[in-house]
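Each number in the numbering used here corresponds to the 1-based position in the sequence shown with 44 added. Some notes on the structure that comes next.
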Amino acid sequence: MIGEVISILIQPHMLAIIVGGVFVGNLVGCLPGLTATMALAVLLPITYYIPIATALVLMGSIFVGAMRGGGIPAILLNVPGTPADIATTFDGYPLAKKGLARQALMMSIFASAMGGLIGNVFLAFLAPPLARVSLRFGPPEFFWLCILGITIMVSISEESLVKGLISGFIGLLITTVGVSPLGGETRFTFGMPQLAGGVPIIVGLIGLYCIPRVLELAQEKGAEVEEIIVTGSLHEAMAWVIRKWFSGFQGLISSLIGTFVGTLPGAGGNIAGIMAYNQVKRMDDHPEEFGKGRIEGVLASETANNAEVSGSLIPTLTFGIPGSPPAAIMLGAILVQGLRPGAKLFTEHALDMYTLIGALFIANIALLLLMYLSPIYSRILLVPRVILAVLIAVMSAVGTFAIRGNFADVVVMCILGIGMYFGRKLGFPTAPAVLGIVLGRLAEE
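Rendered as C-alpha cells:
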C-alpha cells in the first residue's frame, strides 16, 4: 500500500497539484475575509469531474495552505486572514512593528509546517482503527452521530445558542426539498419541477458561504497598510526560527492541542490557536511579555491551527462528523462522489484515503518553500475588495451552473446566499446551517 501511495504522489501532475494547492490556499488565506472554507466551497463543483483521490489531494493542499496564509495579514496588518489566526495577531503584529516582521513570518511558516506534520502522524495512525470501530454502527447509530455533529456545532455558536439552533434547523429544512428518499413524495418544491431533484450539497455550501462574503466584500474598503520595516537576512531569520521551535516543548504541546481540538466536531482552528497560545503563555518564564511581541506566541498559534487540519479530518473520515467547517466541505466532496465515511473508506477506498494522508505530508513540507515567497504574498494585501467580490461571484455562479446545467441552481444559490447575508447581520451563524445541509441528508438516509 505504501509503495502504491508513493508511486501516485511522486507523479509530476500530483506534485504540481499539491504545490499549486498550497500556493492557491496561501493566496486565499492572506486576504482578510477569505477563508479556507470559502476556497473549498468554490472548488467543490470541480470534484465532480476528477477522480476522488485527486479531488481530495487538491482540497487538502488548499486547506493546509489557507490555514498558513492567514498569518501574513495577521503579522503585517494586525488583521487575521482567517479566524484561525486571531491569536497570531497578539504577538505577530508587535513583532513586525519592532522590525522583526521577517522573523515572525518565518516562524509562522515553519511552525505551520511542523504542526501539520505532527497532526498528520496522528491522522495516519488514529483514523484507520477508529474507522474499524464504525463497522459496528448501524442506521440508528449513524443517525444519532449526524445529530450529534449538528448539535455540537450549534453548542459553540459564538452569538447565541437559540440562533445557532435556528440556523442548524434551516440547514436541515433545505435538505428536505425534493423527492423523499423514503416514501417518494415531493416536498417543498412549490410546484417547480426544477426543485424536484432537491438542493445539491454543493449549491447549498456555495450559497451559504460564498455569496454572503461577496456582498460583505463589496461594502468593505481596502485595509490601510502601515509600512513595516524588515530587518535581518532571510537565512539568518530561518536559522533563528528553527532553533526557537526546537528549543523547548512549546511546539510539541501546541501540536497536541491543535490535533485534539481538531477532533472535536465544529471546534475549528481559531479555538485551537487560542488554547495553545494560553497554554504556552502559562508555561513561559516571562508571560508578561506575551502580547508585546514574543515569538513564542506566534509559534503556539500557528503550530496549533495547522495541526488542527489533520485533527479535524479524523472524525470526518471515520464517523462522517466534520471537525471544522473546511472539513465539512471535504466531507461534501466525498458524499457527491457516492462514498460514505467509515470503515469502507479505509477498506474499499484505502488507496484514496492514504493518498490524501500522504499528500498532506507533502503539502506541509511544501509550506517551507513559501519562506522565500513572503514578500510577494504581502503585496496581495493591496488587492481591492471589489475585484475580489466580482471574482468570487463569477466563480460561484459558473461552478453552480456546471453541476447540473440548471440555471435554477444558480437562483437557489443566490437566494440562500442573500438570506444568509441578512442572517449574519442579525447574528445567525453560518456553520450550523452548513452542517445541517451536509449531515441532514445522511441522517434521513
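All C-beta atoms, glycine included, are put in the ideal place defined by N, C-alpha and C. Owing to the predicted nature of the structure, the values given are computational and were not obtained by experimental measurement.
Beta-carbon spacing of residue i, residue j below 7 Å
| i | j | result |
| --- | --- | --- |
| Ala348 | Ala377 | no |
| Gly248 | Ile218 | yes |
| Arg112 | Leu411 | yes |
| Gly222 | Leu460 | no |
| Ile401 | Ala168 | yes |
| Met457 | Pro256 | no |
| Pro473 | Gly306 | no |
| Ser298 | Ala344 | yes |
| Ser152 | Glu346 | yes |
| Ala441 | Val454 | yes |
| Asp396 | Ile96 | yes |
| Ala452 | Gln294 | no |
| Leu261 | Arg429 | yes |
| Tyr398 | Val49 | yes |
| Phe390 | Pro184 | no |
6 Å CB neighbourhood of residue i in its chain, flanking five on each side removed
| i | result |
| --- | --- |
| Asp129 | Gly114, Gly115, Ala118 |
| Glu268 | Note that Glu268 scores 47 on pLDDT, short of 50, meaning its location in the model is unreliable and no value can be drawn from it. |
| Val258 | Ala433, Ile436, Ala437 |
| Lys142 | Gly337 |
| Gly335 | Phe134 |
| Lys325 | Pro331, Phe334 |
| Ala157 | Asn408, Leu411, Leu412 |
| Pro370 | Ala80, Thr81, Leu84, Phe107 |
Cut-off 8 Å between Cβ atoms - residues of its own chain near residue i, not counting five sequence neighbours on either side
| i | result |
| --- | --- |
| Arg448 | Gly241, Pro244 |
| Gly301 | Reading off the sequence shown, one finds Ile at residue 301, where the question assumed Gly. Excluding sequence neighbours, Ile301 sits near Ala316, Met319, Ala320, Gln323, Ala348, Ala351. |
| Glu271 | Model confidence at Glu271 stands at a pLDDT of 46, short of 50, so the residue's coordinates are unreliable and nothing is read from them. |
| Val490 | With the chain covering 45 to 489 only, the question about residue 490 has no answer from this structure. |
Cutoff 7 Å; reference residue i; Cβ partners in own chain excluding five residues on either side
| i | result |
| --- | --- |
| Leu161 | Phe405, Asn408 |
| Met1 | With the chain covering only 45 through 489, there is no way to say anything about residue 1. |
| Pro56 | none |
| Thr220 | Arg231, Phe232 |
| Phe187 | Ala487 |
| Gly484 | Gly215, Leu216, Thr219 |
Integer Cβ distance of residue i from residue j, believed to fall under 8 Å
| i | j | result |
| --- | --- | --- |
| Phe154 | Ile286 | 6 Å |
| Gly163 | Val342 | With a Cβ gap of about 18 Å, Gly163 and Val342 do not count as contacting. |
| Gly215 | Ile481 | 5 Å |
| Tyr253 | Ala85 | 5 Å |
| Ile62 | Ala403 | 6 Å |
| Ala110 | Ala80 | 4 Å |
| Gly355 | Phe304 | 7 Å |
| Ala477 | Gly212 | 6 Å |
| Ala394 | Met45 | 7 Å |
Residue i beta carbon near the ligand GTP (any heavy atom closer than 6 Å)
| i | result |
| --- | --- |
| Asp329 | This structure does not include the ligand GTP; it has no bound ligands of any sort. |
### Residue ranges of each beta strand (DSSP E) within the stretch 315 to 397, 3 or longer
none
### Query
Does the pairing of the stretch 399 to 414 with the stretch 89 to 106 give three or more beta-carbon distances under 8 Å?
yes
### Task
State whether the stretch 129 to 143 contacts the stretch 88 to 95, with contact taken as three or more CB pairs (one from each stretch) at a distance under 8 Å.
no
### Query
What are the start and end residues of each continuous alpha helix (DSSP H) run of 4 or more residues lying completely inside the stretch 210 to 267, in chain order?
Taken in chain order, the complete alpha helix (DSSP H) segments of 4 residues or longer contained in the stretch 210 to 267 are 245 to 263.
### Query
Can you give, in chain order, each stretch of the alpha helix (DSSP H) that sits fully within the stretch 68 to 97 and has at least 4 residues?
80 to 87
### Query
Are the stretch 65 to 74 and the stretch 358 to 366 in contact at 8 Å, needing three or more beta carbon pairs?
no
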